[in-house]
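Residue numbers (the working numbering): 0 to 422.
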């Protein structure tokens, strides 16, 4: 990252072109590529706002309004820049409680630094009051941070800069094609309106603040997003957004009746993700969201997001990448799981010894010892949605998550093994 500038002219041209594209996509006036993750982008964006307030002689502003429906890292980022978080209630339909937002903005008007909102919300809904939320914040002297975690539902259709946002981060590893296997690497560049440009992250040797060790974050990742934008074009990026929204609504519609979708917009639709409510089944059948998630492993699916943003639920975000056949396979699996829950509810299956409680099933279960399970090997190991050929087999049965979280258990071989290997 620190080669002489005249030896990186091609990289600079590519980065500038990608920045222009991201500005057009987001409605912002400038982009900083420095942040290395979404959370670091949040931190950088809030530092930018704080520096702007200081320049305006308003350095005392330190209150940040954050709705309960905002992205989970938002309050941590606000506290890291020294702000106090004031939580805004969520209305019954999952939207920001506008009356509570207005009241708290007025209450903290003298010290309001800004608000952090996610659009569409983490509840998977396009909130129709977003313009009013941004206006209230600006009227009380605050700046608006719109979390870009859900840009997959916006690209080509709407822009955070047009919604009243002053700064947003973009998860290039979510929305712009950078692989994110194993938890990294990520990129979280921020876009800002013109009045915030002077306060963007800079060089540590110059006046300003750096948020990472290099001026362009992880620049070797940027050609991926740049190439993606070039190959997709504006129409392709827009189509990807439409497909992501369509896929989420297709799943919500197919599962309708079997499961409750927790939040929907005024039109009865969701955005790019939906929250499947499985909480009632804990009382009726003793089944939790963890049981459903483990059973999905038998079907060959990585579990959806569990217990966030609502405890006891599953949040499903199919993205634009899945085929209809894969979406149907997932829906078939979820519908079959609902039928297994129904068998427990009706007393046709034991509450403690059933395919859900015993999931996931390993190949050893299939070929060695089935034990006293009151259901067939086929039902346990090959539920609807699972492939008969090339099936994914989990390496182990269910582990005790709580025990594992609370106790460090070393699985390293004893030192004698290393000695024998050396010999």
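Note that beta-carbon positions come from the ideal geometry of N, C-alpha and C, so glycine has one too.
For this session: Run the CB neighbour count on residue 225, radius 10 Å, all protein chains shown included, and call it buried at 16 or more, exposed below.
Result: buried
For this session: Run through the region 189-215 for me and flag every whole beta strand (DSSP E) of 3 or more residues, listed as ranges in chain order.
Result: 189-191
Exercise. Ends of the alpha helix (DSSP H) at residue 283?
Worked result: 279-284
For this session: Check whether the region 190-199 touches the region 162-171, taking contact to mean three or more Cβ pairs, one atom from each stretch, closer than 8 Å.
Result: yes
For this session: Report yes or no: do three or more beta-carbon pairs, one from the region 320-329 and one from the region 274-281, lie closer than 8 Å?
Result: no
For this session: Provide the residue(s) that pair with residue 84 in DSSP beta bridges, ordered along the chain.
Result: 63
Exercise. Measuring CB to CB, does residue 73 end up less than 8 Å from residue 110?
Worked result: no
For this session: Can you give me the start and stop residues for the beta strand (DSSP E) that residue 117 sits inside?
Result: 111-117
For this session: Using three-state DSSP, classify residue 238 as helix, strand or coil.
Result: helix
For this session: Please state whether DSSP places residue 129 in a helix, a strand or coil.
Result: helix
For this session: With a threshold of 16 other CB atoms inside 10 Å of the CB of residue 411, please say whether the residue is buried or exposed.
Result: exposed
Exercise. Can you name, in chain order, every residue of its own chain whose Cβ lies under 7 Å from the Cβ of residue 70, other than the five neighbours on each side?
Worked result: 117, 121, 146 and 148
Exercise. Going by DSSP, what residues sit across from residue 89 in a beta bridge?
Worked result: 95
For this session: Give a yes or no on whether the minimum CB-CB distance between residue 92 and chain D is below 8 Å.
Result: No chain D appears in the structure shown, which is made up of a single protein chain.
For this session: Check residue 402 in the structure and name its three-state DSSP category.
Result: helix
Problem set entry | Whole-angstrom distance between residue 23 and residue 234, CA atom to CA atom | 13 Å
Exercise. With burial defined as no fewer than 16 other Cβ atoms inside 10 Å of the residue's Cβ, what is the status of residue 230: buried or exposed?
Worked result: exposed
For this session: Decide if the region 255-262 is in contact with the region 351-366; the criterion is three or more beta carbon pairs, one per stretch, under 8 Å apart.
Result: no
Exercise. What are the uninterrupted segments assigned as alpha helix (DSSP H) that are 4 or more residues long and contained completely in the region 132-180, given in chain order?
Worked result: 171-174
Problem set entry | residue 16 versus residue 187 - alpha carbon distance | 17 Å
For this session: Using the Cα positions of residue 332 and residue 303, report the straight-line distance between them to the nearest angstrom.
Result: 13 Å
For this session: For the beta strand (DSSP E) holding residue 276, just list the boundary residues, first then last.
Result: 273-276
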